[in-house]
Amino acid sequence: MAQHKELKVSAIENGTVIDHIPSENLFKVITILGLDKISTQITFGANLDSKKQGRKAIIKVSEVFFQDYEINKISLVAPHARLNVIKDFEVVEKSDVTIPDTIVGIVKCFNPKCVTNNEAVTTHFKVINKKDVALRCHYCEKITTQDELRFEAS
Amino acid sequence: MKNRSLVSINDFSRDEILQVLDLAEEFESNPNQKLLEGKVVGSLFFEPSTRTRLSFETAINRLGGRVVGFSDSASSSATKGESLKDTIQMVSRYADLIVMRHPLEGSARYASEQSLVPIINAGDGANQHPTQTMLDMYSIRKTQGTLDDLNIFLVGDLKYGRTVHSLLMALTNFNPTFHFVSPEELRMPREYKLFLEEHGIPYYEHGELSEIIDDADIIYMTRVQKERFSDPMEYERVKNAYVLKRSMLEDSKENMRVLHPLPRVNEIHTDVDASPKAYYFDQARNGVFTRMALISLVMGLK
Chain A
19 MAQHKELKVS
29 AIENGTVIDH
39 IPSENLFKVI
49 TILGLDKIST
59 QITFGANLDS
69 KKQGRKAIIK
79 VSEVFFQDYE
89 INKISLVAPH
99 ARLNVIKDFE
109 VVEKSDVTIP
119 DTIVGIVKCF
129 NPKCVTNNEA
139 VTTHFKVINK
149 KDVALRCHYC
159 EKITTQDELR
169 FEAS
Chain B
113 MKNRSLVSIN
123 DFSRDEILQV
133 LDLAEEFESN
143 PNQKLLEGKV
153 VGSLFFEPST
163 RTRLSFETAI
173 NRLGGRVVGF
183 SDSASSSATK
193 GESLKDTIQM
203 VSRYADLIVM
213 RHPLEGSARY
223 ASEQSLVPII
233 NAGDGANQHP
243 TQTMLDMYSI
253 RKTQGTLDDL
263 NIFLVGDLKY
273 GRTVHSLLMA
283 LTNFNPTFHF
293 VSPEELRMPR
303 EYKLFLEEHG
313 IPYYEHGELS
323 EIIDDADIIY
333 MTRVQKERFS
343 DPMEYERVKN
353 AYVLKRSMLE
363 DSKENMRVLH
373 PLPRVNEIHT
383 DVDASPKAYY
393 FDQARNGVFT
403 RMALISLVMG
413 LK
């Protein structure tokens, strides 16, 4: 009997599938999108084999559809994530996550002397390089790079 | 510029810089103009700064305005744990304009988002000090007759020097040639050199003050601090290599001027003070006129 990879994580009737999440970032994605707080069904799998590379994670959320600006928040932790919008068990739309031009919240500024790390200020960054992720803080003007990325606790 | 906060030198266009300098010139020839009569300015210095604060307060007084504020965070409600946000919300309901110096980077930008009145950044940590840059530009234009096509020598701590970074960004609008003179450990950071490369501005790096400075139109000195060195022995080795002495200026150009944001410790020898090329004290004086110009433009009075 042929094995479908789909059987590892069961199909949903209506909702959104987020595929190709790096396995180690699964829970970051869940937190960023607030999926730990919704009431509809979610299934997810981690450490699944990926044709593209390495181990991937996948999330299937029932009855939830995302706007572009919402889904692009995960671009820093899942830059190659792919969305499938499902209606009546069919994929009706596919899209790729893209890194937005500005990022509000989610990421900490790496500068300990930035006002965002000392007062109750939401971080705000301009993405100045999408390939090698570089974020310029709107407040202190310093640049936080990919390896310096730390995420705000939610 | 009316009703707009002044937070970063990067907020100014080339034309806006010139507008400020032209107005500062007007104030220099006619310093007492009561444009701020009836207005109250909040002078919020969360960390001490005698020169900048007195310069601003003089500017406000010459414009006929009144000042309220504090000169140290220890004499403000910050000691009670009041947030910056609350302080700004409160003071912007008392005053018509706020001038602020704060140790945290980005604090001025944040304050400008919280305030009901414009904020002028008088220094936010190691980030921006735009009014210093304006007075530096004014001084350069006044002594050279122009801002265009000059040979600018930046000396000392180019890695951490806030004033040096800011001046570099502002001057880029005017086709300069830069020469950087600093110890190895305190070289101009890569991001600024990249910026210059992207704008086609030439720059040269030197390890020491030598006869190379004979070509300078402006020598901008900054202090090399011991605390900035990871190896204190390295500091001892280099500390005297960046001291400017009168003898070094013998073959310098007639129009050359020595600038320093002050306070000066030992990096400019006192024997330079008597030279007609020493401009650092007049540079500080220009701060009053430049700040008068900035306040007037932000308040829409000119």
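If you read the sequences in order, they're chains A and B.
Residue numbering for the first sequence follows the working numbering, starting at 19 and increasing by one per position.
Residue numbering for the second sequence follows the working numbering, starting at 113 and increasing by one per position.
Don't be surprised by glycine CBs; every beta carbon is placed ideally from N, CA and C.
query, result
"Using C-beta distances below 7 Å, list every residue in its chain close to B/M113, excluding the 5 sequence neighbours before and after it, in chain order.", "E128, L409 and V410"
"Just to check my reading of the structure: B/I331 and B/I324 have Cβ atoms closer than 8 Å, yes? What is that Cβ distance to the nearest angstrom?", "Contact doesn't hold; Cβ gap of about 11 Å is too wide."
"With A/N65 and A/S41 assumed to form a contact (beta carbons below 8 Å), what rounded beta-carbon distance in angstroms separates them?", "5 Å"
"What residue from A/V82, A/I48, A/G52 and A/I56 has the CA that sits closest to A/A75's CA?", "A/I48"
"Would you list, in sequence order, the uninterrupted alpha helix (DSSP H) runs of no fewer than 4 residues that lie entirely inside the region 283-340 of chain B?", "302-310"
"Verify the CB distance criterion: does A/N147 have a CB-CB separation below 8 Å to chain B?", "no"
"Within 8 Å of any Cβ in chain B, is that where the Cβ of A/A138 sits?", "yes"
"In chain order, what residues of the same chain lie with their CB nearer than 8 Å to the CB of B/N173, ignoring the 5 residues before and after it?", "V179"
"Extract the residue ranges of the alpha helix (DSSP H) inside the region 211-263 of chain B, only unbroken runs of 4 or more that lie entirely within it.", "219-226 and 242-256"
"What do you get for B/A396, buried or exposed, if any count of 16 or more other CB atoms within 10 angstroms of its CB means buried?", "buried"
"Tell me A/N147's beta-bridge partners as DSSP assigns them.", "A/A152"
"Please give me, in chain order, every unbroken run of the alpha helix (DSSP H) with length at least 4 that falls completely inside the region 64-97 of chain A.", "86-89"
"Check the DSSP bridge columns for A/C158 and list the partner residues they point to.", "BP columns for A/C158 are empty, so no partner."
"In angstroms with no decimal places, state the Cα-to-Cα distance between B/T199 and B/S183.", "14 Å"
"Please classify A/H156 as buried or exposed, where buried requires at least 16 other C-beta atoms within 10 Å of its C-beta.", "buried"
"In whole angstroms, give me the CA-to-CA distance for B/L175 and B/M300.", "38 Å"
"Would A/E166 pass as an interface residue toward chain B - the criterion being a Cβ-Cβ separation below 8 Å?", "no"
"Quick check: is the beta carbon of A/E159 nearer than 8 Å to any beta carbon in chain B?", "yes"
"Would you identify the three-state DSSP class for A/E99, choosing helix, strand or coil?", "The identity of residue 99 of chain A in the sequence shown is Ala, whereas the question assumes Glu. The answer is coil: DSSP assigns A/A99 none of H, G, I, E or B."
"Out of A/S80, A/K69, A/N135 and A/K126, point me to the one whose CA is closest to A/T61's CA.", "A/S80"
"According to DSSP, simplified to helix, strand and coil, what is B/S204?", "coil"
"Can you tell me where the beta strand (DSSP E) holding A/S28 begins and where it ends?", "Where A/S28 is concerned, there is no enclosing beta strand (DSSP E), given that its DSSP letter is neither H nor E."
"What does DSSP give as the partner residue(s) for B/I129 in the beta ladder?", "DSSP, once it has assigned bridges, lists no residue as partnering B/I129."
"In the DSSP assignment, the alpha helix (DSSP H) including B/E362 goes from what residue to what residue?", "Note, B/E362: premise wrong, no alpha helix (DSSP H); not H, not E."
"Pick helix, strand or coil for A/A9, following the three-state DSSP scheme.", "The question about residue 9 of chain A has no answer here: the residues shown for chain A are numbered 19 through 172."
"Excluding the 5 residues flanking A/D54 on each side, which residues of the same chain have their C-beta closer than 6 Å to its C-beta?", "I48"
"Can you list, in chain order, the residues of its chain with a C-beta nearer than 7 Å to that of B/N476? Leave out the 5 residues immediately preceding and following it.", "This structure does not reach residue 476 of chain B, given that chain B is present from 113 up to 414, and the question cannot be answered."
"What are the residues of the region 192-218 of chain B that lie near chain A, defined by any Cβ-Cβ distance shorter than 9 Å?", "S195, L196, K197, H214, P215, L216, E217 and G218"
"Which term fits B/T334, buried or exposed, when burial requires 16 or more other beta carbons within 10 angstroms of its beta carbon?", "buried"
"By DSSP, does A/S41 sit in helix, in strand, or in coil?", "helix"
"Considering only their Cβ atoms, is the gap separating A/V145 from A/I121 smaller than 8 Å?", "yes"
"Hey, quick one: how far does the alpha helix (DSSP H) through B/I407 stretch, first residue to last?", "Y392 to V410"
"Run down chain B in chain order and give the residues with a C-beta less than 7 Å from the C-beta of A/N129.", "E217"
"Given this structure, state the Cα-to-Cα distance separating B/A390 from A/V151, to the nearest angstrom.", "46 Å"
"Quick check on A/V7 - is its C-beta less than 8 Å from some C-beta in chain B?", "The requested residue 7 of chain A is not part of the displayed model; chain A covers only 19 to 172."
"When the Cα atoms are used, what is the spatial distance from B/R340 to B/N352?", "15 Å"
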